[in-house]
Amino acid sequence: MIQKTAKEIIESIYQAINNRDIEQAIQWVDDDCLYEDMNFSQPFQGKEAVKTLFQESCDNVPDDLKFIIDEITTEDPLKVGILWHVELDDIPLPNGRGVSFYRISETTGKLIFARDIVEPPLKPGKLSFLIIRLVTPLVRIFLAKDSNPPKTQLILSKILWFLAGTYIYVLLCSSPNFILPGESFWAIQPETITEVLNESLNFFFILPILNSLGISSMESPVVHPAIEAQFNFAEAWIFMFLPLLLADKRVRDFPKLALWSVAMFLTNVFLLPYMAFRFKQPILETKEEPKKGILERIFGWMGLIVGVTAISWLFIGRPEFGDVNQKIAYFMTQLNSSRVVIAFAVDIFLFAIFQIVLMSSIIPSNSPQRPLRFIPFFGLAFWLII
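The sequence shown begins at 0 in numbering that gives the first Met the number 0 and counts up one residue at a time.
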């Protein structure tokens, strides 16, 4: 028989957690409870697992951090939904709001199911609609019943998914100077934002070139030439990936133009998941050389010109920053301290691998152009042009 309503039980659990009394809280948890905390990839099954969650939560937060219930539903005595927030020394914590649902067992009168959803620290806004649009086709592909790729492909797909998660966490989300030097995306400093914006304004060296020709309606920001060279070389490479993605028949019914558009700004944040899903698709034998028209040649020439300009810029651009040895020394210093520079270096390394994979699936095995896939950057540019 139920001795307390769901509302009373949940209020008792919250009060016990705030008092750091785990034993008092866990007495209201059923032995078969399923607790889904959206901060974790896997749910907590069973009373002991839930107790561990409660204990670790209390051990890893300050004693004056409290969970405050804002609103709680009471329409069903066995079910409640609540709105809550976190306070630290009676001060509401930023990004500390959440919503939860709880269900009580009819037989034991204890918590049998819970789901906690916490306010995300990153708020993409309208960008989330674009992300959903990109992810939806991938989910359909991933869940396709007739998809039965070989075991090797599944292993490669899992490896790439792991790399995608590692890339996003380590380069974008890990704590400052924890795994890599520099700040994370959520702790980015104003000077880093300024640096990225200045690099973006010098995209493909358009502004510096116009200024050198006497066209100064908008002044080019002064950025170290080594950083400008790296940024534009990476952008030129991903720029040439659009014809590759469009020619890749292994993944169909996918908004590749939208993927490429966001990859131009966020590079492997989106390209890595695409490659992971791609390995789950059946291998298609390529027998004919894909037809290349004016679009492919424009992308090839544009990428080649910008890439060569980027390399030349390192040697001759902005001489006020010293000779090439001084520029390279500065770049190596940034490679050991700037997460932005590290991210672009990782991108360039991955582009070389993805180029081989994509070109291998597009160019027939008997084609004399097939060896071009092993020449980073220039092999792709030459293949698009010829």
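Think of the CB as a built atom: it goes at the ideal place given N, C-alpha and C, for glycine as much as any other residue.
Beta-carbon gap between residue i and residue j smaller than 8 angstroms
i: residue 230; j: residue 308; result: no
i: residue 383; j: residue 242; result: yes
i: residue 113; j: residue 7; result: no
i: residue 153; j: residue 271; result: no
i: residue 192; j: residue 340; result: no
i: residue 19; j: residue 88; result: no
i: residue 347; j: residue 236; result: yes
i: residue 354; j: residue 369; result: no
i: residue 288; j: residue 385; result: no
i: residue 58; j: residue 46; result: no
i: residue 245; j: residue 255; result: yes
i: residue 278; j: residue 364; result: no
i: residue 81; j: residue 99; result: yes
i: residue 202; j: residue 234; result: yes
Among the options, nearest to residue i - alpha-carbon criterion
i: residue 260; options: 250, 252, 239; result: 239
i: residue 109; options: 333, 94, 78, 124; result: 78
i: residue 303; options: 232, 218, 216, 116; result: 232
i: residue 95; options: 279, 102, 66; result: 66
i: residue 72; options: 323, 251, 10; result: 10
i: residue 305; options: 70, 15, 376, 115; result: 376
i: residue 316; options: 56, 84, 55, 222; result: 222
Start and end residues, beta strand (DSSP E) containing residue i
i: residue 85; result: 78 to 87
i: residue 99; result: 90 to 103
i: residue 112; result: 110 to 117
i: residue 67; result: 64 to 71
N-terminal and C-terminal residue of the alpha helix (DSSP H) that residue i is part of
i: residue 32; result: No alpha helix (DSSP H) holds residue 32; the beta strand (DSSP E) holding it covers 28 to 36.
i: residue 207; result: 205 to 211
i: residue 49; result: 46 to 58
i: residue 279; result: Here residue 279 belongs to no alpha helix (DSSP H), and DSSP marks it neither H nor E.
i: residue 194; result: 189 to 200
i: residue 242; result: 240 to 246
i: residue 14; result: 5 to 17
i: residue 22; result: 21 to 25
i: residue 384; result: 377 to 384
i: residue 263; result: 255 to 265
Inter-residue CB distance, residue i and residue j (contact presumed, cutoff 8 angstroms)
i: residue 206; j: residue 200; result: 6 angstroms
i: residue 249; j: residue 104; result: Actually they are not in contact, since the Cβ atoms of residue 249 and residue 104 sit about 48 angstroms apart, beyond 8 angstroms.
i: residue 52; j: residue 44; result: About 11 angstroms separates the two Cβ atoms, so there is no contact after all.
i: residue 118; j: residue 338; result: About 25 angstroms separates the two Cβ atoms, so there is no contact after all.
i: residue 275; j: residue 159; result: 4 angstroms
i: residue 380; j: residue 299; result: 5 angstroms
i: residue 189; j: residue 312; result: The pair is not a contact, with the Cβ atoms about 26 angstroms apart (cut-off 8 angstroms).
i: residue 267; j: residue 166; result: 6 angstroms
i: residue 4; j: residue 120; result: Between residue 120 and residue 4 the Cβ distance is about 34 angstroms, and since that is not below 8 angstroms, they are no contact.
i: residue 49; j: residue 25; result: 7 angstroms
Subject >> Ranges of the alpha helix (DSSP H) found wholly within the stretch 298 to 355, counting only runs of at least 4 >> reply: Fully contained in the stretch 298 to 355 are the following alpha helix (DSSP H) runs of length 4 or more, in chain order: 323 to 334.
Original post:
Of all the alpha helix (DSSP H) runs that stay within the bounds of the stretch 157 to 185, which reach a length of 4 or more residues?
Top reply: Complete alpha helix (DSSP H) runs here, min 4: none at all.
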